[in-house]
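Here is the structure we will look at, set down as C-alpha cells.
In my numbering, the protein residues as written are 359 to 708.
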C-alpha cells in the first residue's frame, strides 16, 4: 500500500495552554525522505507526557521550533526504513526525545513520524500498542535515574517519592526486577496500586511531611538513593536527607520546578537552588543532588525492552482517547489525577 503524502496531526502552533495552541490538521506532510539509520513509523497510539504540555506553556516558538506535531511517546509499525535492522511491518515502540523532536520537527500525535533508530525498539508480543505507547520516555527516565545517576545495585535500597506517577511506577518495577529493595511514597488512595507494582514498603505522604516521617523513622540501613519522581519544588526531602540516606547516596530528581505560578512555589525553587549549591563544608547538605537529563541510549532501551518481554515491566494505562479528543486527553493529564499513562489511539481514529 502506498504511503500517503499528507496526514492528520495535532500541531503546536504557538506557546500557551494546549486548548489554545493545538490545532488538528489533515494536510500535514508525511516525511518522504528517510535518512540513514532512521525509520518511518505508522503510529498506532501515542502517550502524553507532562513535559509536552509544560513546554507548550513556557517555551517560545523560536526555542521549540514550532509549528510541529505534539508529543514524544509512541507505538506503531515500521512503514519505511533506511539502514536499520527493522523490517517493514515490524511492531515497535519508542520515544522521540525532546532535543531530537525539536531538531527534526517530528511528533507522535500524528499518523506518521520519522524516528532515529536509536529511539525505537521492537514491541514484544506480550504487550499491545496501547500499553506499549507510554513505556519509553517515563520508563527510560526511571531506568537512567536508577542506574546512570544513582548507580544502584542488587541488594541496595531505594526510596521512590511520587511512586504513583508514571516514572515512579516504572522505577518500582525496574528496581524490583534488578533485585533492589523499594520503599515508596504516594497518596494513600494509591497504596494498593503502588504495592501491586512491587513496592516492599509504602508511606502515605499526606499523613505527615515525608522528611519529618523519615527523620523520626529512619530506615536501617539508610537508603542508598532517593528518586524524586514527582519533581519537588520544596527542598525539604533533600535538605534533611542525611538523616535517612547513606553517605555516598544520591538524591535524583526529574523536574524540580514550580508546579504552578505562585509565590510559594517560586520561593521553594529558590530554596532548592540554595540547598543544592551551598557547599557541605559550609553547612550545606552532605549528599549528592542530581537532576535527570534524559538521553537517547539504545543499550538502555534494549535492556528495558527485555524486561517488558519477560513480563517484569507492564504499561499502566489511566485512560484512552480518540484522535479527535486530544484536548480532553490533555485536560486529564493536566488534572494531576491520572494514575498511569494517558493514551491517544491514533490508528483507526476518526
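A virtual CB, placed ideally from N, CA and C, is assigned to each residue, including glycine.
Taking residue 371 as reference, the option from 389, 420, 403 with the minimal CA-CA separation is 420. Around the beta carbon of residue 695, a 10 Å sphere encloses fewer than 16 other beta carbons of the protein chains shown; the residue is thus reported as exposed. Positions of the beta strand (DSSP E) runs, each at least 3 residues long and wholly inside the region 446-488, are given as 449-453, 470-474, 478-480 in order along the chain. The count of Cβ pairs closer than 8 angstroms, one atom from the region 456-469 and one from the region 363-370, reaches three, so the stretches are in contact. Exposure of residue 395 is indicated by the presence of fewer than 16 other C-beta atoms within 10 angstroms of its C-beta.
Here residue 389 is buried. Its C-beta has 16 or more other C-beta atoms within 10 Å. The C-alpha of residue 588 lies about 20 angstroms from the C-alpha of residue 539. Straight-line spacing of the CA atoms in residue 647 and residue 495 works out to 22 angstroms. For residue 583, the uninterrupted beta strand (DSSP E) segment begins and ends at 581-586. Distance check between residue 537 and each of 515, 554, 547 places 515 closest, using alpha-carbon atoms only.
Rounded to whole angstroms, the separation of the alpha carbons of residue 383 and residue 572 is 51 angstroms. In chain order, 535, 671 place their CB closer than 6 angstroms to the CB of residue 665, counting only its own chain and leaving out the 5 sequence neighbours on each side. Beta-bridge annotation (DSSP): residue 434 is paired with 401, 450. The continuous beta strand (DSSP E) containing residue 380 extends over residues 380-387. In its chain, beyond the 5 residues on either side, 527, 530, 531 have a beta carbon closer than 7 angstroms to the beta carbon of residue 555.
Residue 490 and residue 667 have their C-alpha atoms spaced approximately 11 angstroms apart. Between residue 517 and residue 541, the C-beta spacing is below 7 angstroms.
Here residue 509 is exposed, its C-beta having fewer than 16 other C-beta atoms within 10 Å. Comparing alpha-carbon positions, the option among 683, 583, 660, 644 lying closest to residue 497 turns out to be 660. If you draw a straight line from the Cα of residue 702 to the Cα of residue 692, it is about 15 angstroms long.
Under the DSSP definition of a beta bridge, residue 677 partners with 700. Counting only runs of 4 or more residues that sit fully inside the region 483-553, the alpha helix (DSSP H) segments are 487-490, 494-502, 524-535, in chain order.
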